[in-house]
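J.: In the UniProt record's numbering, the protein residues as written are 1 to 538.
Yeah, the Cβ is synthetic: ideal placement off N, Cα and C, and Gly gets one too.
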Ligand code: TEU
């Protein structure tokens with residue numbers, strides 16, 4: 001198995017607009033990221049993933065790009081970005097950017113030209129048809145928007161303000177490759193690739209039997225050829241790493257994207273991990289982890305994440321953000337860092353920040369939520385019932401500002417924050433976490449340090465135990481004779497963990513725990529709510 005720098009890395013995701021505001025406009029900015037780099041360094045993360053900073057009307061918080069080669073004013077200037085990159089590298093860290101090339105903003109000059117007339121030279125930079133089919137998009141009931149000016153429909157996988165690029169057009173691909181080189185030549189260390197498996201569309205856009213299941217948007221014939229061409233024309237010429245956001249992919253097909261001999265991507269995010277854990281389908285969560293391990297191990301590389309800017313905060317979604325907030329946050333931190341694959345830490349996760357429940361739809365910003373709310377209310381459903389039904393998955397839940405201290409707005413801004421700060425900022429903030437030796441922060445810091453000191457956490461094999469248990473998640477990691485046992489009680493109930501004979505009788509050394517442990521008691525031990533233990537098997 002190839003050993004590489006990125007396989008050994010822990011990635012910290014910076015949703016910069018909610019990270020730290022230095023100019024008082026209520027938005028976080030790149031200068032703010034620079035000022036907090038030492039905090040990220042102290043945590044121990046090696047790579048920063050920066051959400052989109054490019055020119056954008058911000059309909060989808062930067063995922064609707066109108067100029068790929070500028071920095072949007074809210075974030076700062078190109079000079080600030082270049083200083084950020086230098087400061088990241090000066091600390092021995094790396095920075096990857098978000099590559100959003102499935103679609104642009106409808107305000108991108110390519111699109112304004114393309115929509116001006118049916119014979120405009122840039123018309124086929126996008127996808128136009130005389131008739132719409134029955135597909136829906138992620139954010140709207142139809143994936144087609146009628147354009148009065150030219151009497152045709154254009155295709156959009158997301159909002160109407162995000163027209164999909166036509167990747168069948170070689171001129172589009174060349175434009176994107178040149179743009180990628182523009183950023184790579186500045187010295188960035190790779191890309192997180194936004195819904196990169198959507199680039200290829202189903203030929204002919206046939207109606208779907210079940211249009212509500214939008215998996216027809218992804219993994220279509222042609223996608224691997226595009227990614228192999230991108231690798232050949234751009235990526236292989238730089239020492240960078242790429243992580244693809246790959247919705248709808250199965251573990252078996254995952255290897256087609258990240259197999260080391262494929263010449264496509266290095267690793268990927270899949271969503272079942274989150275979705276199964278969210279539905280408390282522990283058996284499915286364990287099974288999908290094993291399928292991904294069996295599908296990948298030794299041939300490709302996996303990524304592990306439990307929340308990001310699109311998924312609500314893990315301690316609220318999977319843990320218990322009330323009486324067991326700290327313990328459940330630590331329990332999931334152990335899971336994230338001991339599973340096979342690269343751990344991604346989303347800003348604020350390391351201090352156990354929680355999701356929010358604002359009172360009104362007006363308090364929410366996310367276009368996905370607002371469009372869904374509008375769609376459902378227009379069906380005649382009660383607005384309050386719709387609002388309540390959407391809250392648990394609202395992406396804003398994880399987009400509230402990082403809580404730095406107990407001062408106004410959690411120390412995030414001296415202005416009016418673009419989105420409300422979580423009201424619990426006085427109890428949950430970085431200053432408090434750094435002052436508390438038993439805080440979630442120091443569990444993350446210790447886990448990250450353990451990974452650096454113990455290759456078994458990175459390159460070790462993975463063997464699940466107690467697979468039928470719907471509370472205890474137990475597994476072994478082994479490398480060159482070093483064998484670790486991870487025991488997690490992923491529940492808010494005390495639970496007896498009964499270990500299989502060979503493991504039970506083995507001598508164990510406790511490496512990390514989130515409760516005081518009286519040592520293993522033979523074949524069984526009582527695990528407290530969200531108790532996590534990591535043992536070295538002697
Ligand atoms: O997300 C794509 C995607 O799969 C998400 O829409 C996710 O399924 C959804 O938010 C429910 O969790 C990427 C970006 O991460 C997201 O922020 C953008 O809105 C989207 O693409 C369009 O660029």
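Once the 5 residues before and after residue 620 are set aside, which same chain residues still bring their CB inside 6 Å of it?
T.: With the chain covering 1 to 538 only, the question about residue 620 has no answer from this structure.
J.: Is the separation between the beta-carbon of residue 200 and that of residue 176 shorter than 8 Å?
T.: Cβ atoms of residue 200 and residue 176: not closer than 8 Å.
J.: Would you mind reading off the limits of the beta strand (DSSP E) that contains residue 13?
T.: Start and end: 11-14.
J.: Answer yes or no: the CB of residue 401 versus the heavy atoms of ligand 1, is any distance below 7 Å?
T.: Outside the cutoff, so no.
J.: Please check the pair residue 244 and residue 196, which I expect to be a contact at CB under 8 Å, by giving their CB distance rounded to whole angstroms.
T.: Contact holds; Cβ gap of about 4 Å.
J.: Go through its chain and collect everything with a Cβ distance to residue 546's Cβ below 6 Å, but skip five positions before and after it.
T.: Residue 546 cannot be examined here, being either before or after the span of the chain that is shown, 1 to 538.
J.: Taking the Cβ atom as the reference point for each residue, do residue 258 and residue 11 lie within a distance shorter than 8 Å?
T.: No, the pair does not count as a contact, with Cβ atoms beyond the cut-off.
J.: Check whether the Cβ atoms of residue 240 and residue 190 lie closer than 8 Å to each other.
T.: Cβ distance < 8 Å, so residue 240 and residue 190 count as in contact.
J.: Cβ of residue 156 within 7 Å of any heavy atom in ligand 1?
T.: Not under cutoff, so the answer is no.
J.: Who pairs with residue 245 in a beta bridge, going by DSSP?
T.: Answer is 269.
J.: Anyone know if the C-beta pair for residue 7 and residue 458 falls short of 8 Å?
T.: Yes, Cβ-Cβ distance for residue 7 and residue 458 is below 8 Å.
J.: Roughly how many angstroms lie between the CA atoms of residue 335 and residue 488, to the nearest whole one?
T.: Distance between the alpha carbons of residue 335 and residue 488 is about 8 Å.
J.: Please determine whether the Cβ atom of residue 368 lies at a distance below 7 Å from any heavy atom of ligand 1.
T.: Yes, the beta carbon of residue 368 sits closer than 7 Å to at least one heavy atom of ligand 1.
J.: Considering only their Cβ atoms, is the gap separating residue 26 from residue 415 smaller than 8 Å?
T.: Contact: yes.
J.: Is DSSP giving residue 237 helix, strand or coil here?
T.: Helix.
J.: From the DSSP output, which residues share a beta bridge with residue 536?
T.: Answer is 484 and 509.
J.: Can you tell me where the alpha helix (DSSP H) with residue 338 in it begins and where it stops?
T.: Run containing residue 338: 325-338, per the alpha helix (DSSP H) assignment.
J.: Does the contact criterion of 3 or more C-beta pairs under 8 Å hold for the region 52-67 versus the region 113-124?
T.: No: fewer than three Cβ pairs fall under 8 Å.
J.: With residue 160 as the anchor, note down where its alpha helix (DSSP H) starts and where it stops.
T.: Per DSSP, residue 160 belongs to no alpha helix (DSSP H) and is neither H nor E.
J.: Per DSSP, residue 164 is paired with what?
T.: BP columns for residue 164 point to 103.
J.: Output the distance between the C-alpha atoms of residue 411 and residue 403, rounded to the nearest integer angstrom.
T.: One C-alpha to the other measures close to 7 Å.
J.: Between the region 13-22 and the region 37-52, do three or more beta carbon pairs fall short of 8 Å?
T.: They touch, by the three-pair rule.
J.: Roughly how many whole angstroms lie between the Cα atoms of residue 71 and residue 112?
T.: So the alpha carbons of these two residues sit roughly 20 Å apart.
J.: Would you mind stating whether residue 316 and residue 266 have Cβ atoms separated by less than 8 Å?
T.: Against a cut-off of 8 Å, the Cβ pair of residue 266 and residue 316 comes out as no contact.
J.: Please state if the CB of residue 365 and the CB of residue 419 are separated by a distance shorter than 8 Å.
T.: Yes; because the gap between Cβ atoms is below 8 Å, this pair is in contact.
J.: Give me, in chain order, the residues of the same chain whose beta-carbon lies closer than 7 Å to that of residue 231; leave out the 5 immediate sequence neighbours on both sides.
T.: Counting only Cβ-Cβ distances below 7 Å, and skipping sequence neighbours, we find 263 and 264.
J.: Kindly indicate which three-state DSSP category residue 417 falls into: helix, strand or coil?
T.: Here residue 417 sits in coil by DSSP.
J.: Any heavy atom of ligand 1 closer than 7 Å to the CB of residue 14?
T.: No, the beta carbon of residue 14 sits no closer than 7 Å to any heavy atom of ligand 1.
J.: Ordered along the chain, which non-local residues of its own chain (more than five positions away) have a Cβ less than 7 Å from that of residue 208?
T.: Excluding residues within five positions, the ones whose Cβ falls inside 7 Å are 134, 135 and 216.
J.: Going by DSSP in three states, residue 288 sits in which element: helix, strand or coil?
T.: Correct three-state label for residue 288: helix.
J.: Let me check you understand the geometry: is the CB of residue 145 closer than 7 Å to at least one non-hydrogen atom of ligand 1?
T.: Checking every heavy atom of ligand 1 against the Cβ of residue 145, none is found closer than 7 Å.
J.: Alpha helix (DSSP H) containing residue 449: first to last residue?
T.: 440-453 is the extent of the alpha helix (DSSP H) around residue 449.
J.: Could you spell out the range, first to last residue, of the beta strand (DSSP E) harbouring residue 462?
T.: Run containing residue 462: 461-465, per the beta strand (DSSP E) assignment.
J.: Which residues in the same chain as residue 358 place their Cβ atom closer than 7 Å to its Cβ, once the five residues preceding and following it in sequence are excluded?
T.: Closer than 7 Å at the Cβ level, and outside the excluded window around residue 358, lie 364 and 420.
J.: Could you check the C-alpha separation between residue 293 and residue 340 for me, to the nearest Å?
T.: For residue 293 and residue 340, the distance between alpha carbons rounds to 7 Å.
J.: So, for residue 338: in the same chain, excluding its five sequence neighbours on each side, which residues have a beta-carbon less than 7 Å away from its beta-carbon?
T.: These residues qualify, in order along the chain: 457, 477, 486 and 534.
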